[in-house]
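Take a look at the structure below.
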Amino acid sequence: MNANIDSLRKQHGDKAPEVMREIAQLGGFGDVGSGQGSIPASYAGGLDLAGVLADSNTALSSSDKDKIAKLAGVTRAQATSIVDDKTGEQSSAAKMNPTKEK
Amino acid sequence: MAGTATAWRTANIAQNAGQLWGLLAIPGAGARITLHTDGTPESVANPTAFHYGATQEGAKLMLKPAFDKYNVDEFRAPIVTNIGDLQAGISAALVGVTDMDVIKNLLPGQGTYATGSGFKEVRIGTIAIVYQSVAHIFPLIEDVTKFGVWNLYSALNDAGVEFAVGRKQLGFSPVNFVGYEITSRAATDTLMNYWKQIV
């Protein structure tokens, strides 16, 4: 659920910078480049795909999400399962003893 | 005619130990950094997430606009304004001053990290400036299962490194992460995001 130059290079080889630019543009991350106000392609932290691809994110169209997922080699279902995980709503006690709550 | 219900907001307070994280993934349009259920950055979405460690007195989260005011002769008060300057930041004083992984991330444009047999070092000179996505994540008082997040999309520490070494004191190095705009993002979302989880 992260797109960075290393992960994209494994999939796309020399085209990785171009792919990263496309993902960044589709996902509204900002331009990928070397100029001021851009995201360097070499930024180790990469782009958070889980948030943009989650079903709960209405800022992107479904087709743009599909394109991003395909380019990055991930699935939208995985993004949704990460972002929309409801276990965070449990109390601390329930998290420590989930079987008791069931 | 009825009155209006008051709202003292005494549950919406900041009084908890938070965590300062750097090298996070940058969130996209309509999204926020992805958290795990324990409030830490989700590791698959943020594979390089870096915890800066304990602080002297927590962190100060800052967003300050400077409004330019314009007057005309015929009126006493300003008649129009615009935002001439906008500062966003996260400041703290870190205790882990001998951790070279911490130090290297605090010296953009200056520090080159290396390690080998028997050493870790940061050499100071001139290198490319690297920005990073930084966030302070803290548990909410109003809901103990939820977290608040102050996330600068592109930031760097402009306070350098400075700490005392002595027998009777604990050395802390002040940090000041300053937010920079990613100008190619949507105009309403270029600098940072302050958000909290809700039910």
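So the sequence lines, in the order shown, correspond to chains A and B.
Counting in my numbering, the first sequence runs from 64 upward without gaps.
Counting in my numbering, the second sequence runs from 7 upward without gaps.
Using N, Cα and C, we set each Cβ at its ideal position, and we do this for glycine too.
Since we're looking at a predicted model, the values are computed, not measured.
### Query
On the three-state DSSP scale, how would you describe A/L116?
Residue 116 of chain A sits at position 53 when you count from the first residue of the first sequence. Helix at A/L116.
### Message
DSSP three-state label for A/D69, please.
### Response
The residue you call residue 69 of chain A lines up with position 6 of the first sequence. The answer is helix: DSSP assigns A/D69 an H, G or I state.
### Same chain only: Cβ atoms within 6 Å of B/K70, ignoring 5 sequence neighbours per side
In the second sequence, residue 70 of chain B corresponds to position 64, counting from 1. So the qualifying residues of the chain are Q93.
### Task
Using a threshold of 9 Å, state whether the C-beta atoms of B/Q116 and B/T132 are closer than that.
In the second sequence, the residue the question calls residue 116 of chain B occupies position 110. In the second sequence, the residue the question calls residue 132 of chain B occupies position 126. Closer than 9 Å, so yes.
### Task
Would you mind giving the Cβ-Cβ distance between A/A113 and B/A51, rounded to the nearest angstrom? I have them listed as a contact below 8 Å.
Locating residue 113 of chain A in the first sequence gives position 50, counting from the first residue. Locating residue 51 of chain B in the second sequence gives position 45, counting from the first residue. Contact holds; Cβ gap of about 4 Å.
### Query
For the region 48 to 79 of chain B, which residues have a CB atom closer than 7 Å to at least one CB atom of chain A, in sequence order?
E48, V50, A51, N52, P53 and T54
### Task
Under 7 Å between beta-carbons, which chain B residues line up against A/I102? List them in chain order, please.
On the first sequence, residue 102 of chain A is found 39 positions in, with the first residue counted as 1. Per Cβ cutoff of 7 Å: I32 and I188.
### Query
Just curious, the alpha helix (DSSP H) that A/A79 is in, first and last residue?
Here residue 79 of chain A corresponds to residue number 16 of the first sequence, with the count starting at 1. A/A79 -> alpha helix (DSSP H) spans A79 to G90.
### Task
Taking B/G95 and B/N182 to be in contact with their CB atoms under 8 Å, please state how far apart those CB atoms are, rounded to whole angstroms.
In the second sequence, counting from the first residue as 1, residue 95 of chain B sits at position 89. In the second sequence, counting from the first residue as 1, residue 182 of chain B sits at position 176. Yes, B/G95 and B/N182 are in contact; Cβ-Cβ is about 6 Å, under 8 Å.
### Message
By the DSSP assignment, the alpha helix (DSSP H) with A/A135 in it spans what residues?
### Response
The residue you call residue 135 of chain A lines up with position 72 of the first sequence. Looking at the DSSP string, the run of the alpha helix (DSSP H) that includes A/A135 is S125 to A135.
### Task
Compare the beta carbon distance of A/F92 and B/G124 with 9 Å and say whether it is the shorter of the two.
Taking the first residue of the first sequence as position 1, residue 92 of chain A is located at position 29. Taking the first residue of the second sequence as position 1, residue 124 of chain B is located at position 118. Not closer than 9 Å, so no.
### Task
Could you please give the first and the last residue of the uninterrupted beta strand (DSSP E) stretch that includes B/A99?
As a working note, residue 99 of chain B is residue 93 in the second sequence. That run of the beta strand (DSSP E) goes V86 to L100.
### Query
For B/S160 versus B/L112, is the C-beta distance shorter than 9 Å?
Reading the second sequence from its first residue, position 154 is the one you call residue 160 of chain B. Reading the second sequence from its first residue, position 106 is the one you call residue 112 of chain B. No, they are not a contact pair.
### Query
Taking B/R129 as the reference, which of B/K110, B/L29 and B/T61 has the closest Cα?
The sequence position of residue 129 of chain B within the second sequence is 123, counting from 1. Answer by Cα proximity: B/K110.
### Message
With a threshold of 8 Å on Cβ separation, who are the neighbours of A/D129 within its own chain once the five nearest residues in sequence on each side are excluded?
### Response
Position 66 of the first sequence, counted from the start, is the residue given in the question as residue 129 of chain A. The answer, listed in chain order, is R139.
### Query
Given A/E81, which residues of its chain have a CB within under 7 Å of its CB, disregarding the five upstream and five downstream residues?
In the first sequence, residue 81 of chain A corresponds to position 18, counting from 1. Correct list: empty, nothing qualifies.
### B/M198: first and last residue of the uninterrupted beta strand (DSSP E) it sits in
Numbered from 1 along the second sequence, position 192 holds the residue referred to as residue 198 of chain B. Element bounds for B/M198: M198 to K202.
#### Entry: Cα-Cα separation, A/M83 to A/P103
Numbered from 1 along the first sequence, position 20 holds the residue referred to as residue 83 of chain A. Numbered from 1 along the first sequence, position 40 holds the residue referred to as residue 103 of chain A. In a straight line, the C-alpha of A/M83 is about 10 Å away from that of A/P103.
#### Entry: Classification of B/R15 by the beta-carbon crowding that lies within 10 angstroms, buried from 16 upward
Reading the second sequence from its first residue, position 9 is the one you call residue 15 of chain B. When all chains shown are included, B/R15 counts as exposed.
### Query
List, in order along the chain, the chain B residues whose C-beta lies closer than 8 Å to that of A/V115?
Within the first sequence, residue 115 of chain A is the residue found at index 52, counting from 1. Residues of chain B passing the Cβ test: P33, G34, A35, G36 and A37.
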